[in-house]
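Chains as they are written, first to last, in full-length UniProt numbering: chain Z, 1 to 248; chain L, 1 to 248. A virtual CB, placed ideally from N, CA and C, is assigned to each residue, including glycine. Quick caveat: nothing in here was measured; it's all calculated off a predicted structure. Heads up, the thing below is written out as structure tokens.
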DNA sequence: CAGTGGTCTAGACCACTTC
DNA sequence: AAGTGGTCTAGACCACTGC
């Protein structure tokens, strides 16, 4: 009766390590503070560096740590609440601390999955506008906005065919459409090389992929695929009633 | 002039491996098919098993593969589109292929973050209803619903204090409230041990954490924290206009 | 340049599922 | 008992940052 089933299911070392580190972060470290390097931490806990890294990886995934090659591991600030889909009525570049930066626009054939949403034939090129979402000077998200030519009929063919000016022209035309609704999905992905670069992360970094389908007159006017840094972002979706407590 | 800068930025082996495997999955494997085991794959590609595993991990994160200890690695079906927040008006257990299963309810002190949202004092116990969301017989999500006593005043104190019957009683009372709105956030997390068990995954598995705050009469009526399997789920958010193409 | 995190190896053993 | 994926080790070298 006295046998209390101690450690009959021993948890993995890296899991226990993660708990210990997590508690230490709460009590002994301030946001921004740098941790001892991996080799020292591993030695201090008496584990191999790979095991220690497994624990750090989890904590980074949860947004508790930030690791940068050549620099070190620092305590991350709490995740930012990022409102998706509340940037006023469409595609305006807002200003201030949280804003979209329009990069450029090119003609391109969208990936098959996007073409399906756009209801265009698989090889039809469309306008592809690249934007970056910044907050307090740091990149939050990289977005590719796919716009079929039919959605922006007013676009003069003579204008410059690519680059930032073209991108703004596409957005300007898009803003004239009346939206009937939006449809969104969120899933986990890993950053492609180009997105990773914009997000200041390594390729393969975990991202939240937000796919938005904009509907007008029963058609799909445009499709946006935005990849948000999963380590730093908490996506918030309001439905208009009341202040956004969650966005805190 | 002829020097075309080949491989001046060599990509990591596991990254290249991932690409190769991903292509192979598209062209040579069917959904549900089992791959050769890790030791053999590693040998076949001439890399260490750890390196191969790094590639497999990424593919699993992207929902391309499913790995089960003692069984093997299989090709995963495309992610399910899961509608969050469309289960008809509140907390009804829907039936059919996609449904919530109410597990139980206990009195418990919510985590600090939840207490803050509920606007209750940190140590106030509340009703905690546990539910599981199933689709086609497989677990999609595990949810903890926190309901302050004030939100369900009609709850008779004499009823059984915990268990499934109590859980249903709480939900029944909750359904009488008129909701003014909902506020949602989505972020990446890793499964706690208890959630992992319900989701049929190992602890630490990547999950999408959906936090919902239900508002009524300016107050927070309840807070739900649902953890969805990130490997199998794509969360969809409609806003009511038109069919859900993304839910595919 | 020194110091950091990122990649990679070649092994070992463990936990779990299946037969 | 055999076979799978999961954990862990002790090393090595690479890529990047900052002084």
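Original post:
Do you know how far the Cα of residue 160/Z is from the Cα of residue 231/L?
Top reply: In the second chain, the residue the question calls residue 231/L occupies position 231. In the first chain, the residue the question calls residue 160/Z occupies position 160. Roughly 42 angstroms between the two C-alpha positions.
**OP:** Locate the beta strand (DSSP E) running through residue 135/Z, then write down its first and last residues.
**Re:** On the first chain, residue 135/Z is found 135 positions in, with the first residue counted as 1. 126-135 is the extent of the beta strand (DSSP E) around residue 135/Z.
Subject >> Contact residues within the UniProt domain "HTH gntR-type" (11-78) of chain Z, judged by C-beta distance below 7 angstroms to chain L >> reply: 15, 58, 61 and 62
**OP:** At 4 residues or longer, and completely inside the UniProt domain "HTH gntR-type" (11-78) of chain L: list those alpha helix (DSSP H) runs for me, N to C.
**Re:** For the UniProt domain "HTH gntR-type" (11-78) of chain L, whole alpha helix (DSSP H) runs of length 4 or above, ordered along the chain, are 13-28, 38-45 and 49-61.
**OP:** Report the option in 59/L, 127/L, 29/L and 56/L whose CA atom is closest to the CA atom of residue 170/L.
**Re:** Along the second chain, read from residue 1 onward, the residue named residue 170/L stands at position 170. Considering only alpha carbons, the answer is 127/L.
Original post:
With C-beta atoms as the reference, is residue 141/Z less than 8 angstroms away from residue 133/Z?
Top reply: Taking the first residue of the first chain as position 1, residue 141/Z is located at position 141. Taking the first residue of the first chain as position 1, residue 133/Z is located at position 133. Contact flag set, yes.
Original post:
Name the chain Z residues that come within less than 9 angstroms of residue 149/L, Cβ to Cβ?
Top reply: Translated into positions along the second chain, residue 149/L becomes position 149. Under the 9 angstroms cutoff, chain Z gives no residues; its nearest Cβ is about 20 angstroms from residue 149/L.
Subject >> Closer than 8 angstroms to chain L by CB, residue 89/Z >> reply: Here residue 89/Z corresponds to residue number 89 of the first chain, with the count starting at 1. Confidence in residue 89/Z is poor, its pLDDT being 46 and thus under 50, which makes the residue's placement unreliable; the coordinate value appears in the next sentence. So, not an interface residue.
Original post:
Roughly how many whole angstroms lie between the Cα atoms of residue 13/Z and residue 24/Z?
Top reply: Looking up residue 13/Z in the first chain gives position 13. Looking up residue 24/Z in the first chain gives position 24. Cα to Cα, the separation comes out at about 16 angstroms.
Original post:
If you run the structure through DSSP and keep just helix, strand and coil, what is residue 221/L?
Top reply: Working through the second chain from its first residue, we reach residue 221/L at position 221. In the structure shown, residue 221/L sits in a strand (DSSP, three-state: E or B).
**OP:** Assess, as a yes-or-no matter, whether the region 69-83 of chain Z is touched by the region 33-42 of chain Z under the definition of 3 or more beta carbon pairs within less than 8 angstroms.
**Re:** They touch, by the three-pair rule.
**OP:** Using three-state DSSP, classify residue 234/Z as helix, strand or coil.
**Re:** The residue given as residue 234/Z occupies position 234 in the first chain. Three-state result, residue 234/Z: strand.
Subject >> Other residues of its chain near residue 65/Z: CB distance less than 8 angstroms, five sequence neighbours each side excluded >> reply: Within the first chain, numbered from 1, the residue matching residue 65/Z stands at position 65. Once the five neighbours on either side are set aside, the close Cβ partners of residue 65/Z are 25, 35, 56, 59, 73, 74, 75 and 76.
**OP:** Could you tell me whether the Cβ atoms of residue 199/L and residue 193/L are closer together than 8 angstroms?
**Re:** Taking the second chain and counting its residues from 1, the one referred to as residue 199/L is at position 199. Taking the second chain and counting its residues from 1, the one referred to as residue 193/L is at position 193. No, these two residues do not count as a Cβ contact at 8 angstroms.
**OP:** Kindly say whether residue 186/L, judged by its beta-carbon, lies nearer than 8 angstroms to any beta-carbon of chain Z.
**Re:** In the second chain, residue 186/L corresponds to position 186, counting from 1. At a cut-off of 8 angstroms between beta-carbon atoms, residue 186/L makes contact with chain Z.
Subject >> Nearest neighbour of residue 222/Z, chosen from 10/Z, 118/Z and 228/Z [CA to CA] >> reply: Walking along the first chain from the start, residue 222/Z turns up at place 222. Out of 10/Z, 118/Z and 228/Z, 118/Z has the C-alpha closest to the C-alpha of residue 222/Z.
Original post:
Under 8 angstroms between the Cβ atoms of residue 114/Z and residue 186/Z?
Top reply: The sequence position of residue 114/Z within the first chain is 114, counting from 1. The sequence position of residue 186/Z within the first chain is 186, counting from 1. By the CB criterion at 8 angstroms, residue 114/Z and residue 186/Z fall outside the cutoff.
**OP:** Write down the C-beta distance between residue 188/Z and residue 188/L rounded to the nearest angstrom, noting that I regard them as a contact closer than 8 angstroms.
**Re:** Along the first chain, one-based indexing puts residue 188/Z at 188. Along the second chain, one-based indexing puts residue 188/L at 188. Between residue 188/L and residue 188/Z the Cβ distance is about 7 angstroms, and since that is below 8 angstroms, they are a contact.
Subject >> 8 angstroms contact criterion, which residue 122/L and residue 112/L should meet: CB distance rounded >> reply: Position 122 of the second chain, counted from the start, is the residue given in the question as residue 122/L. Position 112 of the second chain, counted from the start, is the residue given in the question as residue 112/L. Confirmed, Cβ separation roughly 6 angstroms.
Subject >> Burial state of residue 125/Z (16 or more Cβ within 10 Å) >> reply: Within the first chain, the letter at position 125 stands for residue 125/Z. Under this definition residue 125/Z is an exposed residue.
Subject >> N-terminal and C-terminal residue of the beta strand (DSSP E) that residue 142/Z is part of >> reply: Here the question's residue 142/Z lines up with position 142 in the first chain. Secondary structure note for residue 142/Z: its beta strand (DSSP E) is the uninterrupted segment 138-147.
Original post:
According to a CB-to-CB cut-off of less than 8 angstroms, which residues of the region 95-115 of chain Z neighbour chain L?
Top reply: none
Subject >> Three-way DSSP call (helix, strand, coil) for residue 229/L in this model >> reply: As a position in the second chain, residue 229/L is number 229, starting the count at 1. If DSSP states are grouped into helix, strand and coil, residue 229/L belongs with the strands.
Original post:
In chain Z, which residues lie with their C-beta within 7 angstroms of the C-beta of residue 230/L?
Top reply: Working through the second chain from its first residue, we reach residue 230/L at position 230. Under the 7 angstroms cutoff, chain Z gives 188.
Original post:
Which whole-angstrom value is the C-beta distance of residue 178/Z and residue 154/Z, which I expect to be below 8 angstroms?
Top reply: Counting from 1 along the first chain, the entry for residue 178/Z is found at position 178. Counting from 1 along the first chain, the entry for residue 154/Z is found at position 154. Actually they are not in contact, since the Cβ atoms of residue 178/Z and residue 154/Z sit about 14 angstroms apart, beyond 8 angstroms.
Subject >> Any chain L beta carbon closer than 8 angstroms to residue 234/Z >> reply: For the purposes of this step, residue 234/Z is identified with residue 234 of the first chain, where counting begins at 1. Taking Cβ atoms only, chain L reaches closer than 8 angstroms to residue 234/Z, which makes this a yes.
Subject >> Near-chain Z residues of the region 193-222 of chain L (beta-carbon distance less than 7 angstroms), N- to C-terminal order >> reply: 203, 204, 206, 208, 211, 213 and 215
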